[in-house]
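**Student:** Numbering-wise (my numbering), the sequence shown opens with residue 9 and increments by one.
Ideal Cβ positions, reconstructed from N, Cα and C, are used throughout, including at glycine.
Let me give you the structure first, and then I'll get to my questions.
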Amino acid sequence: MSSTIPIITFISDFGYQDEWAAICKGVIYRISPTANIVDICHNIPNFDIWKASFVLSSALPSFPVGVHLAVVDPGVGTQRRGIVIKADRGDLLVGPDNGLLIAAAERLGGIREVTLITNDRFWLKPVCPTFHARDIFAPVTAYLANGISPAEIGQTIAEESLAKSFWEKPRISGRTLECQVIDADKFGTLRFNVESSFLETQDLSLGETILMKVEFPSDLQRPHILAEVPFGRTFGDVRVGSPIMLVDSSGYLCLALNQGSAAQHFNLKRGDRLSLRL
C-alpha cells in the first residue's frame, strides 16, 4: 500500500438499521487497528449487484490506492466463490465472484491478477454460511491492509473464469453509437455505458445535437423514442424541464432533465438499449 495508514473502502446493501455493517468494521479494526475505513454506501437496494457495481466503479477512482471491500451477495453460502482482484493501479478488491467487482477494477486500470480466497487461516471460525462478509471478506480485507500478500490468501485463477460485468462496451459504426442505460441516479439522470474517454475520440463538441433513438421490440406498452437532445456542459445549459446530454461527475455520458427526471420523462430504465447519432 502507498500509505502507512491503510485506506479501506466498504460498500454493501446492509443498510444502517441493523448491525451488519458495524460488525464488519469491528472485525477489520480488531485485525488492523490503524485502518482508515471509508463507507462508500450501505443503502444499495437489497441484492442489487448491478447498482453496487456502478456506485463502486464511480467512487473508487477518487480514492487513493487501497483495499476495497464490496458485499452485495445474494449467493452467500452457496457455491459462488470469494475473490481478491488486484487492479493495475495497485488496489485490491475483495468480495464475491458475482460480477460486482469487475467494472470498478476496469476503471482502476484493468485486472492484473485474481486470487481465489481459500486459505481459512485468515477467516473467522466458525464460518456462518449466511455472513461471509463478517467471517471471510472482512478479515481478509484487514489482513491485506496489513500487508499480507494475496498469494497467501489463496491461489491465482484466470480472469476469464470470473462472472462478467453487468454492462457491455458501447459500439460505434460511423457516427452512430449503440449504447445502454446502466444507471439511474436519485434525480432520475440516466447514465450510459459510454465513458468520457470514449467520447473524446468522437470529435463531439458542446452545443451539438445528438439524435436519440430507442425502440422496445419486446415491450409493446412503451412507445418508441426519437428525440434531438443537445450535448452540453451542465444541467443549466437548457431551460428548466428540458433534456440535455452531458458527462456527469461519474465520468459517464448521461441524459438529464434540468430540475426534473429524465428517467420519468423518457420512460427509460436500466438495461434499455439505444442508438445515438453523434
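I'd like to know whether the C-beta atoms of I19 and D47 end up nearer to each other than 9 Å.
**Tutor:** As a first step, residue 19 is located in the sequence shown; it is residue number 11 there, counting from the start. As a first step, residue 47 is located in the sequence shown; it is residue number 39 there, counting from the start. Contact flag set, yes.
**Student:** Is the number of C-beta pairs between the segment 122 to 130 and the segment 188 to 199 that are closer than 8 Å three or more?
**Tutor:** no
**Student:** State the start and end residues of the unbroken beta strand (DSSP E) segment that holds C32.
**Tutor:** If you number the sequence shown from 1, residue 32 lands on position 24. Looking at the DSSP string, C32 is not in any beta strand (DSSP E); the run it does join, the alpha helix (DSSP H), is W28 to I39.
**Student:** List, from N- to C-terminal side, the beta strand (DSSP E) runs of 3 residues or more that fit wholly inside the segment 104 to 155.
**Tutor:** 119 to 124
**Student:** Note down, in chain order, each residue of its chain lying with its Cβ closer than 6 Å to the Cβ of S10, except the 5 sequence neighbours on either side.
**Tutor:** For the purposes of this step, residue 10 is taken as the residue at position 2 of the sequence shown. Because S10 sits at a pLDDT of 42, beneath the cut-off of 50, its placement in the model cannot be relied upon, and the point is left open.
**Student:** Counting only the same chain and skipping the five closest in sequence on each side, list residues whose C-beta sits under 8 Å from that of G240.
**Tutor:** Locating residue 240 in the sequence shown gives position 232, where the first residue counts as 1. Answer for G240: L214, G215, V246, I252, M253 and L254, listed in chain order.
**Student:** Is the separation between the beta-carbon of L77 and that of A111 shorter than 9 Å?
**Tutor:** Counting from one through the sequence shown, the residue named residue 77 turns up at place 69. Counting from one through the sequence shown, the residue named residue 111 turns up at place 103. In this structure, L77 keeps its C-beta atom at 9 Å or more from the C-beta atom of A111.
**Student:** Report the residue from Y260, N266, A235 and F243 whose alpha carbon sits nearest the alpha carbon of G249.
**Tutor:** Numbered from its first residue, the sequence shown carries residue 249 at position 241. For the residues Y260, N266, A235 and F243, the minimum Cα distance to G249 belongs to N266.
**Student:** Report the residue from E167, L152 and Y37 whose alpha carbon sits nearest the alpha carbon of E160.
**Tutor:** Numbered from its first residue, the sequence shown carries residue 160 at position 152. When only C-alpha atoms are compared, the closest one is L152.
**Student:** So the candidates are G98, R230 and R115; which of them puts its Cα closest to the Cα of G155?
**Tutor:** Along the sequence shown, one-based indexing puts residue 155 at 147. Ranking G98, R230 and R115 by Cα distance to G155 puts G98 first.
**Student:** Quick one: what does DSSP say G244 is sitting in, helix, strand or coil?
**Tutor:** Along the sequence shown, one-based indexing puts residue 244 at 236. The answer is helix: DSSP assigns G244 an H, G or I state.
**Student:** Thinking C-alpha only, which one of F62, R281 and E27 is nearest R115?
**Tutor:** Here residue 115 refers to the residue found at position 107 when the sequence shown is read from its first residue. Here the closest residue by C-alpha is F62.
**Student:** Using a threshold of 9 Å, state whether the C-beta atoms of H50 and G23 are closer than that.
**Tutor:** Working through the sequence shown from its first residue, we reach residue 50 at position 42. Working through the sequence shown from its first residue, we reach residue 23 at position 15. The answer is yes: Cβ separation under 9 Å.
**Student:** Compute the Euclidean distance between the alpha carbons of Q87 and P147, then round it to the nearest angstrom.
**Tutor:** As a working mapping, residue 87 is identified with position 79 in the sequence shown. As a working mapping, residue 147 is identified with position 139 in the sequence shown. If you take the alpha carbons of Q87 and P147, they lie about 20 Å apart.
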